[in-house]
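Have a look at the structure below before the remarks.
2 protein chains.
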Amino acid sequence: MAKIDRRILKTREAIRNALIALMSEKSFENITINDISEKANLNRGTLYLHYTDKYDLLDKCIKDHLSNMLNYCTISQVGEAKLDVINSPLPLFQYLEEHFSFYSSMLTNKGITCFQEQLIFMVKNGINERLKAGEINQGDDNEVAVQYMASAFVGVVEWWIKNNMPLSPEVMAQQLWGIFEKNYSLVRALRNSNEG
Amino acid sequence: MAKIDRRILKTREAIRNALIALMSEKSFENITINDISEKANLNRGTLYLHYTDKYDLLDKCIKDHLSNMLNYCTISQVGEAKLDVINSPLPLFQYLEEHFSFYSSMLTNKGITCFQEQLIFMVKNGINERLKAGEINQGDDNEVAVQYMASAFVGVVEWWIKNNMPLSPEVMAQQLWGIFEKNYSLVRALRNSNEG
DNA sequence: AATGATGTGTTGATTAGTTAACAAAATCGA
DNA sequence: TCGATTTTGTTAACTAATCAACACATCATT
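Here the protein sequences line up with chains A and B, keeping their order. Position 50, counted from 1, in the first sequence is what UniProt numbering calls 50; the numbers after and before it change by one each time, with no gaps. Position 27, counted from 1, in the second sequence is what UniProt numbering calls 27; the numbers after and before it change by one each time, with no gaps.
This is the structure in structure tokens:
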């Protein structure tokens, strides 16, 4: 890909860091463009060269972080990047720990739902992929089960971040893996009893 | 004074921070312009817009810091800014503590003498002022005494920084004040014995 | 409802920084 | 000592950021 002028990279980083810093001070709705440009130490006009408004900024900021997250969690995997929270939840928790300030800002801010929505989308994507890969084949009627697991997983992530990561990433990954195991057995048992 | 374009301020700060960071990694002589521009994350050409070479950069960096130091240590004083290390050494040590990384880089780097020289110059300046103000009036033949005190003081500062500030600024200030008192008595006694 | 203050989005002229190239000097290794 | 590599200092064309001004919208207070 073409090399991007380093001024652009610096400006964007300053703006995004400013947004994250401000979001740990006050709610997103109360943050003004003036606040952001001031905190980022750049001219207000410069901000408009990169983002149409603060919602555009937030959206791009989230997309960028989630993209990095996906990248981080699938380095060693082949094929298209998918979040495999069933088989390897550990990298995700490690990533979240490393970028705690951002994700904490996102999750503790009332009125911001796009973040959770996008995260759930990613998790569902990963679970679907896992199912397709043949682990649990029960046709195409998995929608409810997938939604169930994704909601549960994201809910746990949200709880973990909001409570300042009371457990280590390793413990979180281990416990979730245990739950998935039980869940899987449960699904099989139910299916068998229906068939029998 | 005229407002300076914020791009200039950001660039200069990045360059100076890079220099200080590099000086805690390797000796000044081994630092290249390439190193600095790389660490500062800006184009090499940009550096030349502000400094003629790395010696110019170092010099301006030192002058800037010492100027800030002088400013910090004489906020509440009237008249021209002078470092009054005899009557109030405390602010100086507080300032040094706050900007430890810079002064440590300067003092632990072999081959850099301009820093010590400028510091001694400032201290002598302050002591001279203090003498002129009437505390110890013995005509104009103070040169040796002033040089003696300034060297001693800067030597103590150097020791303190090089040893990672083993004592608090308060203790340092207190002890030096005690020494100055004794020194003063000594000077008086000597003078009296000569006169008598 | 009027008013003053603050925030928004856009503009044009200007300035600073970037990039990539260059020749010359210095440094390094064989 | 020679040749390769790195570093230096400068340049020209280009791009991004700055500043200040503007009209307009929003909001809080009286």
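The C-beta atom is built at its ideal place from N, Cα and C for all residues, glycine as well.
- request: Scan the stretch 57 to 105 of chain B and note each continuous alpha helix (DSSP H) run of 4 residues or more that stays entirely inside, going in chain order.
  value: 90 to 98
query: Would you report the Cα separation of A/PRO166 and B/LEU58, rounded to the nearest angstrom?
result: 47 angstroms
query: Can you round the beta-carbon distance between B/LEU66 and B/PRO169 to whole angstroms, since I take them to be within the 8 angstroms contact cut?
result: Not confirmed; about 18 angstroms, so no contact.
message: Below 8 angstroms on the Cβ atoms is my contact criterion, and I expect A/LEU9 with A/ILE36 to pass it. Report the Cβ-Cβ distance as a whole number of Å.
response: Going by Cβ atoms, the distance from A/LEU9 to A/ILE36 rounds to 17 angstroms, so no, they are not a contact pair.
query: What in chain A is Cβ-close to B/ASN41, meaning under 8 angstroms?
result: ARG6 and LYS10
task: Would you kindly work out how many angstroms separate the C-alpha atoms of B/ASN41 and B/LYS82, rounded to a whole number?
output: 37 angstroms
Residues near A/GLY126 by beta carbon distance below 7 angstroms, same chain, minus five either side: LYS82, LEU83, ASP84 and VAL85
task: Locate the alpha helix (DSSP H) running through A/LYS110, then write down its first and last residues.
output: First-last for A/LYS110: undefined, no H or E at that position.
query: Hey, A/LEU22 and A/ILE15: beta-carbon distance below 7 angstroms or not?
result: no
task: Excluding the 5 residues preceding and the 5 following B/PHE102 in the sequence, name in chain order all residues of the same chain whose CB lies nearer than 7 angstroms to its CB.
output: ILE20 and HIS65
query: Taking C-alpha atoms, which residue in A/ILE33, A/TRP160 and A/LYS124 lies nearest to A/THR108?
result: A/TRP160
query: Mind checking whether B/ALA150 and B/LYS124 have CB atoms under 7 angstroms apart?
result: yes
query: Using CA coordinates, which residue listed in A/MET106, A/LYS3 and A/ASP56 is at the minimum distance from A/SER24?
result: A/MET106
- request: Mind checking which residues open and close the alpha helix (DSSP H) that includes B/ASN128?
  value: 114 to 132
Whole-Å CB distance - B/HIS50 paired with B/ARG12, under 8 angstroms assumed: 6 angstroms
field: Spatial neighbours of A/SER27 in its chain, beta-carbon cut-off 8 angstroms, leaving aside the 5 residues before and after
entry: ASN109, LYS110 and GLY111
query: In whole angstroms, what separates the C-alpha of A/PHE180 from that of A/GLN147?
result: 14 angstroms
field: Option nearest B/ASN87 by Cα separation, candidates B/LYS3, B/GLU98, B/LEU96 and B/THR74
entry: B/THR74
message: Considering only their Cβ atoms, is the gap separating B/LEU119 from B/VAL154 smaller than 7 angstroms?
response: yes
query: Of the choices A/ASN128, A/GLU98 and A/GLU29, whose alpha-carbon is the least far from that of A/TYR55?
result: A/GLU29
Same chain, Cβ closer than 6 angstroms to B/ASN176, five either side skipped, listed in chain order: A small correction: the amino acid at residue 176 of chain B is Leu; Asn does not occupy that position in the sequence shown. Cβ within range, chain order: PRO89.
field: Outcome for B/TYR48 when other beta-carbon atoms lying within 10 angstroms are tallied against a minimum of 16
entry: exposed
query: In whole angstroms, what is the alpha-carbon distance linking A/HIS99 and A/GLN116?
result: 16 angstroms
field: Supposed contact pair B/VAL157 and B/LEU70 - C-beta distance, whole angstroms, cut 8 angstroms
entry: That belief does not hold up - the Cβ atoms of B/LEU70 and B/VAL157 are roughly 14 angstroms apart, past 8 angstroms.
task: For A/ILE33, I'd like the list of residues in its chain whose CB is within less than 7 angstroms of its CB, leaving aside the five on either flank, ordered along the chain.
output: ARG44, LEU47 and LYS54
task: Could you tell me whether the Cβ atoms of B/MET172 and B/PHE121 are closer together than 7 angstroms?
output: no
query: Could you give the residue range of the alpha helix (DSSP H) that holds A/LEU42?
result: Taken as a continuous stretch (DSSP letters only), A/LEU42 belongs to no alpha helix (DSSP H), as it is neither H nor E.
Collapsed DSSP secondary structure at B/PRO166 in the structure displayed: coil
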